[in-house]
Every structure is written in structure tokens, then in C-alpha cells.
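Each number in this note's numbering comes from the position in the sequence shown (counting from 1) with 11 added on. Yeah, the Cβ is synthetic: ideal placement off N, Cα and C, and Gly gets one too. A short worksheet on the structure shown next.
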Amino acid sequence: MGIVLSLAIAAIAIYALTHALKRVNYDEVLAVVHNTNSGRIALAMMLVAMSYGSLTLYDLLALRTIGRTEVPYRIAALASFTSYPIAHGIGAVALISPVIRYRIYSGSGLGAVDVANICFLTGLTFWLGNLTSLGLSLLIDPGAISLFDYLPQQLNRLVASALLLGIVAFVVWSWLSPRSIGTRKWPVRLPSGPIVLLQIAIGVFDLAAAALAMYVLIPSAMNIDIFRLTTVFIAATLLGFASHTPAGIGVFDAAILLGLGGDDKEPLIAALLMFRVLYHFIPFVLALTLFGSVEAWRSLRAKR
């Protein structure tokens, strides 16, 4: 069912993207990219770096939650920065991310159960941050994703309220006593209430930094509201994640163009291209280089 859903999302997105790219003047797109202020690009790069920096805290919190306090931050940062860009760049996140994490963490004595716990807890941070941001953004601008769900604004506001109430209930539930799920062979320790709040804060910060990186690349003449962009950005991110396409390609872009684009699509397409390079392509190349270097160094050390 998951495969069918992913294929359906990808097919619909490709159709929508093909329709949105009709009659686009690509010379104008390149002109917008060329004329973009270098200061804006530098600011976007800084925000992207902040976003990826906050991602390293996902792993650090997960390690502290499962009690592996002896693993230093540099190992958590290495596992985070190599697993996220590579897994999202290739597309098979659920398969590749745990494998890369295992290769990194096994050197510090962590086993398969520990890595499975870390993957679950980092995913929990991702969803808590995204759903909290989506709920808050929908409360402020309930019509931002009407082109996606075709629901009236009042119903979108009710959905936002339900999301936020569910998150509050989870925080209260986790605060009352230590929680765990799974089986005796595969136990998963859940974070305590204070850690859950910290997870939410980190997840929201990560998403906000990424959304702001795209926001500063969009020409100011388009007059796109920051809350609307944030809501559409979250929806596009979740759709891209659900599609399992490499870096959400096609799905993320179609959602952004559908949710934010009007008659003048060229400036938005230019912003999308620059954001893709800064947020996906450059980190993907850096992560591959770093992971390859670590593996080469380990192989050389083993031979010696």
C-alpha cells in the first residue's frame, strides 16, 4: 500500500509539474538567477547551514534518550550529516539512512537495535517539528493549502487544532512517566516530556531555517507571505517525503509551484533551482565525499 501511495503521489505531481511548466520562459528564469543579489544567496547558504546544524541535534538527542552518553557529538554530527543528504538524495530513506548510521555508529560500539532506536527517535523529532509547524501555520493561514486538500478554510483550521492537540497530548503522556514501546527483543525507549519539548523546538527550528532559506531567494516583488510559504513548504516537504523520490524531486517542486505560483512562474522556478542547489545538491556531494573519506580511512587502518 505504501508503494502504491508513493507511486500515486509521484504520478500526480509529475502531471501537475508538467502542466505548470508549460509556456515557461527559461531565458527569464536564468536571468532571474543571474540577477539575484549575492547577499541573498549568502544568507540562504547560512540558513541552510543552520538547518543542517540543527539536524545533528536529532541524533544527539536520540543518543541521550537511549542512554548512550559516551558517544561524542562529533560522531552524532557525522552520522547525521552523512545519512540525511545521501538517503534523501537517493530516495530510499528508510533503507539507506539506517545503513549509513550503522556504518558510523558501529565504530563506537552501537549495535543494530541501538541504530534502529536512533532512526525511530530522529524520525519522531522530524514529525513532531513538521506537524507542530504545520498546525501553527494553518491556524494563521488556513487557506494556504486549499489547492492541495480542496478543503474549506474552517475545516483546515480544525485539522490544525487537532494536530496541535494531539502533540500536546503526546507531550503530557510522555511527561507522566518513562515510556517505551516495542518488544523485549526490540525495545524502543521514548523520550521524556522535557526532551519531547526540546525535540519539537529543534524540529521547528530546522524547518524554519530551511523555509527561510527559500524565502530569501524568492524575489520580493512576488509579495509572498512568510506564513503562507512556510505552510506550503511543509506540505511540499511531507509530500516529497511520502513519495520516496530522490530529494522529493518533481513532487516538492510541483507542490511549491501549485501552492505559491501565479501567472508569473519564472521567478519562483528560479528560486526553486537555487534552493535545490544550496539545500540538496551541495550537501549531497559533501556528504558523499565525507562518507567515502571515512570508509577509505577505515579500510586503510584495517589493512595496517
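Endpoints, the beta strand (DSSP E) within which R200 is located: 198 to 200
Between the C-alpha atoms of V170 and F238, what's the straight-line distance to the nearest angstrom? 17 Å
What are the partner residues of G193, as DSSP defines its beta bridges? P198
Assumed close pair A90, Y116 - CB separation to whole angstroms, cut-off 8 Å: 6 Å
Does DSSP put K314 in a helix, a strand or coil? helix
Based on Cα-Cα distance, which residue from S119, T93, G118 lies nearest to S108? Residue T93 is the option with its Cα nearest to S108.
Short of 7 Å in beta carbon distance, which residues of its chain neighbour Y84, apart from the five on each side in sequence? Order them along the chain. L71
Are the Cβ atoms of G177 and L135 separated by less than 9 Å? no
Give every residue of the same chain whose Cβ lies closer than 8 Å to the Cβ of L11, excluding the five residues on either side of it in the sequence, and list them in chain order. Here the chain has residues from 12 to 315 only, and residue 11 is not among them.
Mapping the DSSP letters down to three states, classify N234 as helix, strand or coil. If DSSP states are grouped into helix, strand and coil, N234 belongs with coil.
Assign Q164 to buried or exposed, taking buried as 16 or more other Cβ atoms, counted over all protein chains shown, within 10 Å of its Cβ. exposed
Is it buried or exposed, R315, if we count other Cβ atoms within 10 angstroms and call 16 or more buried? exposed
As assigned by DSSP and simplified to three states, the class of M285: helix
C-beta contact flag for A247 and G270 at 9 Å: yes
Which residue comes first and which comes last in the alpha helix (DSSP H) that contains L169? 164 to 187
F302 and A258 closer than 9 Å at C-beta: no
What did DSSP end up calling E306 once you bin it into helix, strand or coil? If DSSP states are grouped into helix, strand and coil, E306 belongs with the helices.
Please determine if the segment 147 to 158 and the segment 122 to 135 are in contact, where contact requires at least 3 C-beta pairs separated by less than 8 Å. no
Whole-angstrom Cβ separation of S191 and L175, contact assumed at under 8 Å? Contact doesn't hold; Cβ gap of about 25 Å is too wide.
Judging by CA-CA distance, which residue of W184, L74, V227 is the nearest neighbour of V59? V227
If we call anything under 9 Å between Cβ atoms a contact, is V183 one with L121? no
Just the C-alpha distance for I129 and Y113, rounded to the nearest angstrom, thanks. The C-alpha of I129 lies about 10 Å from the C-alpha of Y113.
Distance, Cα to Cα, G204 vs L66? Straight-line Cα distance between these residues: approximately 20 Å.
Beta-carbon proximity list for V35, same chain, < 7 Å, skipping 5 on both sides: Excluding sequence neighbours, V35 sits near K276, E277, I280.
Nearest to L149 (by Cα), restricted to the options R75, S304, N46, D236: D236
Between I111 and A98, which are expected to be in contact by the criterion C-beta below 8 Å, what is the C-beta distance as a whole number of angstroms? 7 Å
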